[in-house]
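Notes for the one structure printed next.
Residue numbers (this note's numbering): 105 to 327.
The following block contains the structure:
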């Protein structure tokens with residue numbers, strides 16, 4: 105797969121060329137590489153990493169390779185399809201791209217913290233934060249869109265998270281109700297979806313410079 109055969113928007117290519125200069129070709133070559141698939145085990149349902157590896161290896165019959173920046177994260181192969189296994193429905197692990205696991209690792213969450221996941225649906229980062237909190241403290245997970253908030257609530261329940269409140273609120277209202285309340289806040293803000301180009305043709309078709317500007321303004325409002 106290359107930037108040519110997925111027909112990246114020309115305006116996007118020009119923009120990235122201007123931003124990256126000599127590094128632009130290396131960036132475009134990334135579209136020639138396949139996706140990475142990952143899952144993150146749920147520490148709320150296992151006593152140790154070793155227990156998870158032993159049980160999942162016996163149950164699913166394949167090896168996993170660790171994600172360097174996330175102790176609970178593992179790479180798997182596309183054909184292995186762990187999302188179809190009953191353990192997934194039981195909340196033993198969460199299907200999540202390895203790159204998406206990095207943000208919570210940088211947040212430095214500790215048991216007992218008061219944390220807000222501000223744009224939380226569908227719940228990947230919320231479940232990762234909850235695993236680090238180990239049932240101690242308070243996690244407020246917010247999603248502005250009601251339909252996505254329902255999905256978020258379903259995943260919180262599936263992962264067995266007991267110290268999380270799921271909200272469907274605007275950031276303006278939250279700022280009024282919770283002034284200087286949280287120890288840590290994670291904002292995975294709505295974006296123009298450029299990271300989805302390699303796996304979602306619709307993301308390519310919907311991209312425009314106007315949408316980038318709209319997303320940037322929305323992100324400023326959220327912050």
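We put the beta carbon where it would ideally sit given N, CA and C, even for glycine.
query                                                                                                                                         : result
Assign residue 328 to one of three DSSP states: helix, strand, or coil.                                                                       : Nothing about residue 328 can be reported from this structure: the residues present for the chain run from 105 to 327 only.
So, helix, strand or coil for residue 139, using DSSP?                                                                                        : coil
What residues match up with residue 269 in a beta bridge as DSSP calls it?                                                                    : 244
Helix, strand or coil for residue 288 per DSSP?                                                                                               : strand
Does the Cβ-Cβ distance between residue 232 and residue 198 come in under 9 angstroms?                                                        : yes
Mind checking if residue 299 is an interface residue toward chain C, Cβ cutoff 9 angstroms exclusive?                                         : You won't find chain C in this structure, because it holds only one protein chain.
Assign residue 152 to one of three DSSP states: helix, strand, or coil.                                                                       : coil
By the DSSP assignment, the beta strand (DSSP E) with residue 219 in it spans what residues?                                                  : 218–221
Going by CA-CA distance only, name the one from 246, 272 and 261 that's closest to residue 291.                                               : 246
Give me the Cα-Cα distance between residue 252 and residue 226, rounded to the nearest whole angstrom.                                        : 7 angstroms
Helix, strand or coil: how does DSSP classify residue 169 here?                                                                               : strand
Residue 333 and residue 116 look like a contact to me (Cβ under 8 angstroms); what is the Cβ gap, rounded to whole Å?                         : A query on residue 333 cannot be resolved here, the shown segment of the chain reaching from 105 to 327 and no further.
Nearest CA to the CA of residue 239: which residue from 264, 169, 278 and 270?                                                                : 264
Determine which residues share a DSSP beta bridge with residue 199 and list them.                                                             : 143
Let me check one thing: in DSSP terms, what residues is residue 177 bridge-paired to?                                                         : 144
Measure how close the beta-carbons of residue 200 and residue 228 come, nearest whole angstrom, since I'm counting them as under 8 angstroms. : 5 angstroms
What did DSSP end up calling residue 236 once you bin it into helix, strand or coil?                                                          : helix
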